Amino acid sequence: MFGSKCIRTSLYMRSNVTSSVLRLATTRQISFKPCTRLYSSSTPPPSPAQSKSAPKIDLSKLSRDDIRKLHEFKMAEKLKVKNRSIALYFSSIAIVFLGLAYAAVPLYRAICARTGFGGIPITDRRKFTDDKLIPVDIDKRLRVSFTSEVSQILPWKFVPQQREVYVLPGETALAFYKAKNNSDKDIIGMATYSITPGDAAQYFNKIQCFCFEEQKLAAGEEVDMPVFFFIDPEFATDPAMRNIDDIVLHYTFFRAHYGDGSAVSEAASRGEAISPEEQQKMLTNATILSPADVKDE
Amino acid sequence: MPGNPGNSLRALSPTPPERGSFPLDHDNECFEQMTKYLKCMKLVNNENAPNCRLLAKEYLRCRMDKKLMDRDEWSHLGLPKDSHEQEIANEKNKSPTEHTFGKN
Chain Y
1 MFGSKCIRTS
11 LYMRSNVTSS
21 VLRLATTRQI
31 SFKPCTRLYS
41 SSTPPPSPAQ
51 SKSAPKIDLS
61 KLSRDDIRKL
71 HEFKMAEKLK
81 VKNRSIALYF
91 SSIAIVFLGL
101 AYAAVPLYRA
111 ICARTGFGGI
121 PITDRRKFTD
131 DKLIPVDIDK
141 RLRVSFTSEV
151 SQILPWKFVP
161 QQREVYVLPG
171 ETALAFYKAK
181 NNSDKDIIGM
191 ATYSITPGDA
201 AQYFNKIQCF
211 CFEEQKLAAG
221 EEVDMPVFFF
231 IDPEFATDPA
241 MRNIDDIVLH
251 YTFFRAHYGD
261 GSAVSEAASR
271 GEAISPEEQQ
281 KMLTNATILS
291 PADVKDE
Chain A
1001 MPGNPGNSLR
1011 ALSPTPPERG
1021 SFPLDHDNEC
1031 FEQMTKYLKC
1041 MKLVNNENAP
1051 NCRLLAKEYL
1061 RCRMDKKLMD
1071 RDEWSHLGLP
1081 KDSHEQEIAN
1091 EKNKSPTEHT
1101 FGKN
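Here the protein sequences come in this chain order: Y and A.
The first sequence runs contiguously to residue 297 in the working numbering.
The second sequence runs contiguously to residue 1104 in the working numbering.
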């Protein structure tokens, strides 16, 4: 008559609750079966009020004590489920953050390389794809002029071999500079470059050049240094660049010097390999001299 | 995106050269190719004419041969292909068109 109802057995069930449930089962002709289906939040447990409408347990016949125990039992069940779901949420959040921490290192590196954030040079290979190397047909060629400068303490003669080159955007061009070491010692120099006007610098792509690396010239040596570059084809379609048809590429040579007073380590001047410790020491000490730093040479 | 206005901040982050630095030609191994190229440029008034670009190609080829530059295809350097490479490319391009003729 009262049908059957499933009941979830729990480790936290106290013995008197179990006994009262059993008493209910025997005296009130209700059979309790263990629940095999997992509890789901979409079907809330039948509250005492609800079970009145679908009468399985006749509450008027239950003692107050039994009602209280049943209520406590239901509350304990709800709390257990809530605790479990909270624990699962937090553990999943922890796992997500752990995964993010592991992924952060390559992700950070990739973002920095792409955007150049924090001074890391952009190694975006898409600037140098083959389709960028197709010349764009414009009316007037762009004039790229070459200028040079040498630091006062660097006894080199450094001049461009051609005054200018007329190029189209997307067309690769080769230019030469000549450097001569007029002193009687081996000297290491390092070149930096600048582009004028500054807005055009973003379109000036160098495929290969001689800048930012130490260049060693023996005493009295003269050498030719090439620059292979092109202007990005998007230069032709940028409205901000429409008035620019003259670009100046300016190279400056500085003297590279190591902090311990020597221009080059003894091992390197003998042509031997430099040990990693010595390399590290040299790198930490390497500075580019300004005229004020050098006392006399 | 062509002509992206408002990307002036791009100028602030310099890009390094793609292949880094040329090794110095201390022994002047490619001196002749270089002088030929410079003479050509003087004749053309520095206009970067196609024949001068062929001489530039010869200079870079000399550098590659003397191990002063990494080997690479001419298309990656924006220079015209060699004649025998062009023939091979033409042969490859021909065969698909012959198939379509066969269908008709």
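We put the beta carbon where it would ideally sit given N, CA and C, even for glycine.
No experiment lies behind these values; they were computed from the predicted model shown.
Does the structure place the stretch 193-209 of chain Y close enough to the stretch 239-251 of chain Y that three or more beta carbon pairs sit under 8 Å?
Taking 8 Å as the limit for Cβ pairs, the verdict is that the stretch 193-209 of chain Y does touch the stretch 239-251 of chain Y.
Counting only Cβ-Cβ distances shorter than 8 Å, please list the residues of the stretch 172-194 of chain Y near chain A, keeping chain order.
Answer in chain order: T172, A173, L174 and F176.
Decide if H71/Y is buried, meaning its Cβ has at least 16 other Cβ atoms within 10 Å, or exposed.
With fewer than 16 Cβ atoms within 10 Å of its Cβ, H71/Y is classed as exposed.
Buried or exposed, going by whether 16 or more other CB atoms sit within 10 Å of the CB of K140/Y?
Classification of K140/Y: exposed, given that the 10 Å Cβ count is below 16.
Consider the Cβ of I207/Y: report whether some Cβ of chain A lies at a distance smaller than 8 Å.
With 8 Å as the cut-off, I207/Y counts as an interface residue toward chain A.
Considering only the alpha carbon of each residue, which of F212/Y, F253/Y and I207/Y lies closest to T129/Y?
Comparing Cα positions, the closest option is I207/Y.
Beta-carbon within less than 8 Å of G261/Y's beta-carbon, same chain only, minus the 5 sequence neighbours each way: which residues are those?
Confidence at G261/Y is low in this model, with a pLDDT of 48, below 50, so its placement is unreliable and no value can be given for it.
Closest Cβ-Cβ distance between V248/Y and chain A: below 8 Å?
Output row for V248/Y: interface = no.
Just reading off the beta strand (DSSP E) that E149/Y is part of, what are its end residues?
Per DSSP, E149/Y belongs to the beta strand (DSSP E) from L142 to V150.
Per DSSP, which residues does A173/Y bridge with? Please list them.
The partner list for A173/Y (beta bridge, DSSP) reads F229/Y.
Would you check if the distance between the CB atom of F229/Y and the CB atom of N205/Y is smaller than 8 Å?
It is a contact, given that the beta carbons lie within the stated cut-off.
Taking D1082/A as the query, report the chain Y residues whose CB atoms sit under 8 Å from its CB, ordered along the chain.
Neighbours of D1082/A on chain Y: none; closest Cβ ~16 Å, over 8 Å.
Return no unless some Cβ of chain Y is closer than 8 Å to the Cβ of L1043/A.
For L1043/A, the answer is no, since every Cβ of chain Y falls outside 8 Å of its Cβ.
Between A103/Y and A113/Y, what straight-line distance do the alpha-carbon atoms span, to the nearest angstrom?
Between A103/Y and A113/Y, the C-alpha separation is close to 16 Å.
Starting from the C-beta of S148/Y, find all residues in its chain whose C-beta is less than 8 Å away, skip the five residues before and the five after it, and write them out in chain order.
The answer, listed in chain order, is F158, V159, P160, Y177, H250, Y251, T252 and F253.
Report the rounded CA-to-CA distance for H1076/A versus R255/Y, giving the unit in angstroms.
Rounded to whole angstroms, H1076/A to R255/Y spans 33 Å at the Cα level.
Under 7 Å between beta-carbons, which chain A residues line up against D232/Y? List them in chain order, please.
Per Cβ cutoff of 7 Å: no residues; D232/Y is ~10 Å from chain A at best.
Residues of chain A with a CB under 7 Å from the CB of Y166/Y: which are they?
The answer, in chain order, is N1046, E1047 and N1048.
With a threshold of 8 Å between beta-carbons, can L298/Y be considered close to chain A, or not?
Chain Y is shown only over 1 to 297; residue 298/Y falls outside these bounds and no answer can be derived.
Going by DSSP, what residue range makes up the alpha helix (DSSP H) through N1051/A?
Note, N1051/A: alpha helix (DSSP H), P1050 to D1065.
Please state whether DSSP places D224/Y in a helix, a strand or coil.
D224/Y falls in the strand class under three-state DSSP.
Based on the DSSP output, what are the partners of P1080/A in its beta bridges?
For P1080/A, which the question treats as bridged, DSSP gives no partner whatsoever.
Let's test the definition: count the other Cβ atoms within 10 Å of the Cβ of P1017/A and tell me whether it reaches 16, buried, or not, exposed.
That one is buried.
Per DSSP, what kind of secondary structure is D186/Y in: helix, strand or coil?
The answer is coil: DSSP assigns D186/Y none of H, G, I, E or B.
How many angstroms separate the CA atom of D184/Y from the CA atom of P1050/A?
Whole-angstrom Cα-Cα distance: 42 Å.
With a threshold of 6 Å on Cβ separation, who are the neighbours of L1054/A within its own chain once the five nearest residues in sequence on each side are excluded?
If we look at L1054/A and ignore the five residues flanking it on each side, it has no Cβ neighbours.
Taking 7 Å as the cut-off, is the beta-carbon of F253/Y closer than that to any non-hydrogen atom of the ligand ATP?
Only the bare structure without any ligand can be found here, which leaves the ligand ATP out of the picture.
Can you say whether Y1037/A is buried or exposed, counting buried as having 16 or more other CB atoms within 10 angstroms of its CB?
Y1037/A comes out buried.
Would you tell me roughly how many angstroms separate the C-alpha atoms of D1027/A and M1069/A, rounded to the nearest one?
Whole-angstrom Cα-Cα distance: 15 Å.
Interface residues of chain Y around E1029/A at Cβ under 7 Å?
Those within 7 Å of E1029/A in chain Y number zero; the least Cβ separation is about 11 Å.
Are there 16 or more other CB atoms within 10 angstroms of the CB of Y1059/A, so buried, or fewer, so exposed?
Per the 10 Å Cβ criterion, buried.
Step through the CB atoms of chain Y and report whether any lies within less than 8 Å of the CB of M1034/A.
So, interface residue.
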